[in-house]
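Protein chains: 2
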Amino acid sequence: MLGLLSNTIEMIKPLDEGAIAEARSRQDLLTKPQGSLGRLEELSIQLAGVQGKPIPQVRHKAVITMVGDHGVVAEGVSAYPREVTAQMVYNFLSGGAGINVLAHQVGARVVVVDMGVAVELEPSSRLMSRKVALGTQNMCLCPAMTVEQAVTAIESGIEVVGAEVAKGLDIVGTGDMGIGNTTASSAICAAMTGKAAAEVVGRGTGIDDKQLEHKVDVVSRALALNHPDPRQPLDVLAKVGGFEIGGLVGVMLAAAAYRVPVVIDGFISGAAALIAIALAPRLRHFLIAAHVSAEAGHRLLLRHLGLKPLLDLDMRLGEGTGAVLGIFLAEAAAKILAEMSTFAEAGVSERSKLGD
Amino acid sequence: MLGLLSNTIEMIKPLDEGAIAEARSRQDLLTKPQGSLGRLEELSIQLAGVQGKPIPQVRHKAVITMVGDHGVVAEGVSAYPREVTAQMVYNFLSGGAGINVLAHQVGARVVVVDMGVAVELEPSSRLMSRKVALGTQNMCLCPAMTVEQAVTAIESGIEVVGAEVAKGLDIVGTGDMGIGNTTASSAICAAMTGKAAAEVVGRGTGIDDKQLEHKVDVVSRALALNHPDPRQPLDVLAKVGGFEIGGLVGVMLAAAAYRVPVVIDGFISGAAALIAIALAPRLRHFLIAAHVSAEAGHRLLLRHLGLKPLLDLDMRLGEGTGAVLGIFLAEAAAKILAEMSTFAEAGVSERSKLGD
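Going line by line, the protein sequences match chains A and B. As numbered in this note's numbering, residues 1 to 356 make up the first sequence, in order. As numbered in this note's numbering, residues 357 to 712 make up the second sequence, in order.
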């Protein structure tokens, strides 16, 4: 690995222990029983460590929704036709998709990136075009992409984050769209965790039992044909991944390099995190798992990464919809630390000395 | 029961099945796989049924934080001195408490009600004074209050909601403050569910093992002395309850009567819900359980009520902090239904006919 990717990985430093200690001390001065805001308190302390600020800020928010098509749809793995990928891009651009509604509510801008939709899309000022190719190859017949394409996809994600940081970015969410991408993510998950296909394959947009069995077979065949090597994450991404997944790997790495906390969405973002953490183990501490999705392999994947999801709402839409809900909670956590009064400021008595 | 309380209970009608059916149909037309927004979809359908609108609205939001003192603190059940109840009221009024920060983030107004703080508070235009008495009696020595006081507390809660509805109210959250109120709530929970004190008593603001054992003993003694009758919820509220808990019973009943969805907070709100649902079983369908708190008896209590919490973030602050996070999710659910495009509007293909 040379150039932008390896430089970005080198830029990822440990969390700022000084900021963490200061944030933790401040939490204990605020007018509430110590620890009584639970995971919001933990989250505020993580944000402090990532941003390197005792009082972290979550004002400038973005969700980056990466889109790509998958050759493996030729095997009949999805309940929806391939055309839906491009159609949903236009839906994102016109503001009618789930991610638009929820991102607007939390005040996050939506950055839509064409990483490899199978058709040429109409140009739009609201669409970033970083198309690596017109969809991946069918991983049941050959590798999904070349290693060069995998690196290009990751580096595109890095560049997208660079542009967002220039606009102001305190936190970033990851999102995805791509008919067939739960199949690719299942293959990545199986390859990286060593689990069998049957343990990680789920129903995606909604397939029945027979189609599920077929999807397990498709993933098994792709793995048997390609032999992705879990010690070489770029090999896994190239052989059974996707362009939008590669883009998300880049988003995560670059965000950590810039000390921007990353709220990861569901199963597809999780698959990208498996690759990204394998490339840069320090990244793990910069990630916030927004939710555990209804997709079968996601809980297992998060456990493998040691990430504890904030939400468990049976969501499985993708697009970054879970991530923006996580951004809301991160903002809540940061505001608690920044805006609550201390016992001294409010003139509130602390715990009784005759206490525990 | 006569007058305002019984009239309010009579006003509670079933959910609007027509609105529920229309909301459910619309969810299935939106540009996402059916059911893929999980509990947000269910929540939007519940909101439709409560409000009686196929597309529910969550714009005018309030959290009602009811405050009261407890005679049982004389038994040494809390890690904090009794003075903290009044001090926290001033903290609410000056905007420095956890509830202020989180309510501001979600755009909910905070309505602070003195239901029975043990001292006279300085008047403030931002404080509603509905003081029933200067704190309850010590339930280890006698009933916490008379049945007349219990009714007064509930009716005060009803009137508070009436005033808020007049200002515009699409959703309401419940909150509480009162040193000693996890002890009263534990006693209510034990009385209403038939569980032993040891199963429902928790650490409140943070007591150690020895104090926990003492708190179990205090609750057991209060129950043995007063014999609250679970078939008579007003008897339970009077004997082992609290003024702020009674006020919250009224808030829940009145909100349901006005068809306003109620997002309930943690253990204290849960204890109020036990009483309120016993008075008006239809109320259950109007309630949204925001979260399961870290307080020991809360999970058991929610299971008893058949309510599934939205969040599980180890929070145990009270004040309505969990409720306002739940209000955020309810607003998200409503916006999804109102603002997402349908497949037809967006020109997105529906599921393949050759599918499942």
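Heads up, the beta-carbon is just placed ideally off N, CA and C, and yes, glycines get one too. Given the structure is predicted, the values throughout are model-derived calculations rather than measurements.
Taking 8 Å as the threshold (C-beta atoms), are residue j and residue i in contact?
i, j, result
"A/D170", "A/H285", "no"
"B/V492", "B/F599", "The residue you asked about is not Val; residue 492 of chain B is Thr in the sequence shown. Going by C-beta atoms, B/T492 is nearer than 8 Å to B/F599."
"A/L310", "A/L337", "no"
"A/T85", "A/V117", "yes"
"A/L315", "A/A238", "Looking at the sequence provided, one finds Met at residue 315 of chain A rather than Leu. No, the Cβ-Cβ distance between A/M315 and A/A238 is not below 8 Å."
"B/D621", "B/D565", "no"
"B/A522", "B/T364", "no"
"B/D425", "B/G513", "no"
"B/T387", "B/T698", "yes"
"B/V516", "B/V468", "no"
"B/G653", "B/S542", "yes"
"A/I378", "A/L43", "Absent from the model: residue 378 of chain A. The displayed extent of chain A is 1 to 356, so no value can be given."
Using 8 Å for Cβ pairs, my map puts residue i next to residue j. What's the rounded Cβ distance?
i, j, result
"A/L325", "A/L102", "7 Å"
"B/V433", "B/L477", "Contact flag wrong, Cβ pair sits at about 23 Å."
"A/I20", "A/A48", "6 Å"
"B/C545", "B/L630", "7 Å"
"B/D470", "B/L490", "Contact doesn't hold; Cβ gap of about 10 Å is too wide."
"A/A97", "B/M696", "7 Å"
"B/V704", "A/Q87", "4 Å"
Could you pull out every residue in the same chain whose Cβ sits closer than 6 Å to the Cβ of residue i, ignoring the five residues on either side in sequence?
i, result
"B/I510", "L361, G602, V605, G606"
"B/I683", "K417, V462, A464, I527, G529, V619"
"A/Q27", "E41"
"A/L301", "C189, G270"
"B/A612", "I368, L639, F642"
"B/E706", "F699"
"B/K709", "Confidence at B/K709 is low in this model, with a pLDDT of 46, below 50, so the placement of that residue should be treated as unreliable; the coordinate-derived value is given next. Excluding positions up to five away in sequence, the list is empty."
"A/I207", "A79"
"B/V475", "A442"
"B/R655", "V648"
"A/A346", "T31"
Going by CA-CA distance only, name the one from the options that's closest to residue i.
i, options, result
"A/A290", "A/L307, A/T85, A/E17", "A/L307"
"A/D79", "B/L568, B/A546, B/R482, B/Q390", "Note that residue 79 of chain A is Ala in the sequence shown, not Asp. Cα-wise, what sits closest to A/A79 is B/Q390."
"A/V73", "A/R82, A/V67, A/T65, A/M66", "A/R82"
"B/R590", "B/A627, B/R615, B/G560, B/A580", "According to the sequence shown, residue 590 of chain B is Leu rather than Arg. The residue with the shortest Cα to Cα distance from B/L590 is B/A627."
"B/G394", "A/E350, A/Q211, A/T205", "A/T205"
"B/A688", "B/S381, B/S541, B/E366, B/P412", "B/P412"
"B/A519", "B/E569, B/R559, B/Y614, B/G536", "B/Y614"
"A/V53", "A/A296, A/S124, A/L141, A/V260", "Just to set this straight, residue 53 of chain A is Lys in the shown sequence, not Val. The option with the nearest alpha carbon to A/K53 is A/V260."
"A/V147", "A/G71, A/G168, A/P228", "A/P228"
"B/S481", "B/S450, B/L568, B/L497, B/T508", "B/S450"
"A/L141", "A/G168, A/G71, A/G194, A/V132", "A/G71"
"B/V575", "B/T549, B/R559, B/A540", "B/A540"
"A/E213", "A/E22, A/E75, A/R24, A/G194", "A/E75"
"B/I567", "B/G536, B/G524, B/T549, B/A702", "The identity of residue 567 of chain B in the sequence shown is Gln, whereas the question assumes Ile. Checking every option, the nearest Cα to that of B/Q567 belongs to B/G536."
"B/R659", "B/R559, B/T549, B/G674", "B/T549"
"B/G679", "B/E701, B/M608, B/P637", "According to the sequence as given, residue 679 of chain B is Ala; it is not Gly. The residue with the shortest Cα to Cα distance from B/A679 is B/M608."
"B/R559", "A/S36, A/L29, A/E10", "A/S36"
Using DSSP's beta-bridge definition, name the partner residues of residue i.
i, result
"B/I644", "B/V619"
"B/L386", "B/T698"
"B/T549", "Answer by DSSP bridge pairing: none, since B/T549 is not bridged."
"A/R109", "A/A62"
"A/G175", "A/T65"
"A/S156", "A/S156 is not bridged to any residue."
"B/D585", "Beta-bridge pairing links B/D585 to no other residue."
"B/D727", "Residue 727 of chain B falls outside the range modelled here, since chain B spans only 357 to 712, and no answer is possible."
"B/L667", "A/L311, B/H647"
Leaving out five residues on either side along the sequence, give the residues of the same chain with a beta carbon under 7 Å from the beta carbon of residue i.
i, result
"A/I277", "L283, R284, L305"
"B/V466", "V419, T421, F448, I455, N456, A459"
"B/N582", "M495, P499, K595, V596"
"B/A650", "D670, M671, R672"
"A/A191", "L223, P228, P230, V236, V240"
"A/A334", "S44, L47, P56, Q57, V58"
"A/N24", "A small fix is needed here, since residue 24 of chain A is Arg in this sequence, not Asn. Excluding residues within five positions, the ones whose Cβ falls inside 7 Å are I45."
Looking only at its own chain, which residues have a Cβ that is under 8 Å from the Cβ of residue i, when we skip the five neighbours before and after it?
i, result
"A/V216", "A197, A198, V201"
"A/A419", "The displayed coordinates of chain A run from 1 to 356. Any statement about residue 419 of chain A would go beyond what the structure contains."
"A/G355", "Legend: pLDDT at A/G355 = 35, less than 50; position of this residue unreliable, no value from coordinates given."
"B/D668", "H647, V648"
"A/P123", "S129"
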